Amino acid sequence: MASRFQAPRGTQDILPELQPYWSAVHAAIADVTRLYGFQRIDTPVFESAALFEKGSGDTTDIVEKEMYRFEDRGGDQLALTPEGTPAICRAYLEHGMASWPQPVRLFTTHQMFRYDRPQKGRYRQHTQFDCEVFGSTDPLVDAEVISLLWMLYQRLGLTGLQVRIASLDDPEPRKAYLERLRAYYEPFRDRLSEDSQRRLDRNALRLLDSKDERDFPYKEAAPKLVNELSPAGAAHHEAVLDALSAAGIPAVVDPYLVRGLDYYNRTVFEVVPVDDERAQGTIGGGGRYDFLLETLGGTPTPAIGFGTGIERIVLEMQRRGVSFERESVADVFIVHRGEGSGRVAFRIASELRRENVPAQVGDGTRSFKAQFRSADASGARFAVILGESELERGIGLVKDLRGGGEQQEIPLELVAETVRGQSLAR
RNA sequence: GCGGGCGUAGCGUAGCGGUUAACGCGUCUGGUUGUGGCCCAGAAGAUCGUGGGUUCAAAUCCCACCGUUCGCCCCA
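Counting in the working numbering, the first sequence tops out at residue 741, every number present.
Below you can see the structure in the form of structure tokens.
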């Protein structure tokens with residue numbers, strides 16, 4: 316290895332060859348958010364650690380073992396954002412957005428930091444596109460954010476995706492359900508996997524999410540929350556499904572769907588590639604969180620949102636074979652050699668760039684052959700040749716790099732204009 | 001945090017106890033006083049992830065660490 320330094324574990328460089336994917340994602344985000352009437356917000360990379368402890372839930376893994384927490388020089392307890400929703404909620408409350416026309420639709424793309432064990436598609440720093448809608452309990456809004464997310468994926472050429480959806484009901488009926496679930500599992504406690512025995516005490520809902528074969532028989536026979544919703548919860552759930560179906564979005568109810576954050580109620584959903592066996596397959600997910608803003612000290616405000624990982628989207632695009640043509644870095648490549656040629660080359664390049672023509676100047680210390688190779692590699696359509704004999708005659712040669720490579724003699728003052736004209740005319 | 005696989009030039013690979021570590025792509029230079037893409041020739045580029053150990057001898061065997069990858073936990 317040439318370099319002694321490496322990017323920190325779980326972080327990565329996004330090299331130029333990958334940038335077209337990222338640009339496409341950002342462009343699609345700009346499109347769909349505009350189509351759905353979302354406004355952009357940007358929040359800081361770090362926040363008060365307490366925001367996430369309160370917001371995400373202090374027993375969630377994100378807060379308990381994955382948060383980059385630090386004390387700054389003034390003694391404040393801060394954390395690199397592990398999760399976007401609490402940050403946006405904080406901004407909503409801090410800026411009195413309750414007095415904006417409701418509902419308030421916000422989106423952002425920002426960096427997330429989680430100290431967990433890296434794998435493909437799981438990084439310590441990753442980028443998330445988040446959308447949040449505040450101030451509406453309407454199930455159509457649930458369907459709308461899912462529909463926005465779905466459209467994003469469609470526009471990026473991602474096929475073979477599936478929306479999995481469920482409802483976690485509201486806190487009171489869920490509490491009652493969880494008691495029933497524990498009562499159901501308790502007699503088998505000894506026969507469950509170690510993980511599931513722990514879940515029984517800590518987070519019974521997770522029992523349904525077990526991937527351990529020993530738990531499967533009990534899991535299948537277990538009471539499912541989606542089948543036992545309260546009347547209000549059931550009506551909401553049905554309305555969301557109905558709206559999705561009206562919009563032609565293929566959503567399947569997944570009774571085993573569990574999301575890792577404490578604050579969700581009613582609608583929860585994930586988007587997964589149906590043919591991906593990997594555990595990190597989920598590319599996006601979210602849900603309703605009608606009680607979070609209250610938890611954070613605000614007036615009760617219903618809300619729903621999602622996050623989707625851009626790294627995972629890009630991986631999925633590549634897996635799906637979405638590709639981009641290599642962009643040329645210049646339209647015009649100026650080859651020059653000899654005393655004073657650099658000055659002229661630089662002047663012509665500047666003229667071209669002022670006129671919005673991408674132009675590159677060759678390395679005048681290298682041979683013509685080498686500069687032409689660079690010109691070819693740049694993908695430029697035209698080469699401008701400025702050698703000693705041309706400069707003596709006050710002309711430049713304009714060469715078409717496609718086709719037969721014919722060259723025209725053009726007076727130096729007209730080179731930029733001529734090339735620009737031909738470059739536009741192509 | 002737990003368990004498994006992998007780690008050889010920029011990239012992809014070969015070599016798997018024994019003289020100067022090989023090949024393809026890429027890069028650079030040349031083949032045309034000063035002209036690209038194809039072709040040809042040559043060059044540069046590797047402390048064989050790092051550090052220990054075993055051995056007369058280690059890229060090859062063993063251990064630890066680092067990185068990556070797969071599964072679990074969890075999540076985007």
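Every residue, glycine too, gets a C-beta built ideally from N, C-alpha and C. Predicted model, so just to flag it, every value in this text is computed and none were measured.
Just reading off the beta strand (DSSP E) that residue i is part of, what are its end residues?
i, result
"SER363", "361-363"
"HIS441", "440-449"
"PHE428", "419-428"
"LEU476", "476-482"
Under 8 Å between the Cβ atoms of residue i and residue j?
i, j, result
"LEU507", "ASP530", "yes"
"GLN749", "GLY622", "Limits of the chain in this structure are 316 at one end and 741 at the other, which puts residue 749 out of reach."
"THR326", "GLN426", "no"
"ALA618", "LEU608", "yes"
"TYR578", "GLY370", "yes"
"LEU350", "ALA458", "no"
"GLY702", "LEU727", "no"
"ALA364", "ARG384", "yes"
"LEU540", "ASP484", "yes"
"PHE428", "PRO401", "no"
"ARG668", "ALA660", "no"
"GLN512", "ARG504", "yes"
"PRO565", "GLU631", "no"
"PHE606", "PRO418", "no"
"GLY620", "VAL734", "no"
"VAL583", "ILE663", "no"
"LEU471", "ALA537", "no"
"GLY599", "VAL586", "yes"
By DSSP, does residue i sit in helix, in strand, or in coil?
i, result
"TYR578", "coil"
"VAL672", "coil"
"LYS539", "coil"
"VAL644", "coil"
"GLY389", "coil"
"GLN633", "helix"
"THR374", "coil"
"ARG384", "strand"
"VAL355", "The amino acid at residue 355 is misidentified as Val; the sequence shows Arg. In this structure, ARG355 counts as strand in the three-state DSSP scheme."
"LEU473", "coil"
"GLY677", "coil"
"GLY657", "helix"
"THR396", "coil"
"GLN737", "helix"
"ARG504", "helix"
"VAL650", "strand"
"GLN686", "helix"
"ARG627", "helix"
"ARG437", "strand"
"ARG662", "helix"
"PHE639", "coil"
"LYS534", "helix"
"SER318", "Here SER318 scores only 47 on pLDDT, less than 50, and its place in the model is too uncertain to base an answer on."
"ARG529", "helix"
For the alpha helix (DSSP H) that residue i lies in, which residues bound it at each end?
i, result
"VAL340", "334-350"
"VAL456", "454-470"
"ILE329", "Per DSSP, ILE329 belongs to no alpha helix (DSSP H) and is neither H nor E."
"SER511", "509-517"
"LEU520", "Careful: LEU520 lies outside any alpha helix (DSSP H) and carries neither H nor E."
"ALA498", "486-500"
"THR746", "The structure shown does not extend to residue 746, since the chain is modelled only from 316 through 741, so no value can be given for it."
My assumption, with CB atoms under 8 Å, is that residue i sits in contact with residue j. Please give the rounded CB distance.
i, j, result
"VAL650", "PHE683", "6 Å"
"GLN737", "PHE697", "7 Å"
"LEU706", "GLY653", "7 Å"
"VAL629", "LEU333", "7 Å"
"ILE480", "GLU447", "Not a contact, Cβ separation roughly 18 Å."
"ARG635", "LEU473", "6 Å"
"SER462", "ALA562", "5 Å"
"PHE361", "LEU395", "5 Å"
"LEU393", "SER482", "About 35 Å separates the two Cβ atoms, so there is no contact after all."
"LEU467", "VAL347", "5 Å"
Indicate, with yes or no, if the ligand PLP has a heavy atom lying under 7 Å from the CB of residue i.
i, result
"ARG735", "The model depicted lacks the ligand PLP and carries no ligand whatsoever."
Q.
Just to confirm the assignment: which complete alpha helix (DSSP H) runs, minimum length 4, are found wholly within the region 583-621?
A. 607-610
Q: Please specify which runs of the alpha helix (DSSP H), each continuous and at least 4 residues long, are wholly inside the region 688-729, giving them in chain order.
A: 703-708
**Q.** alpha helix (DSSP H) runs wholly inside the region 543-571, at least 4 long, in chain order
**A.** Annotation note: the region 543-571 contains the following uninterrupted alpha helix (DSSP H) runs of length 4 or greater, listed N- to C-terminal: 546-561.
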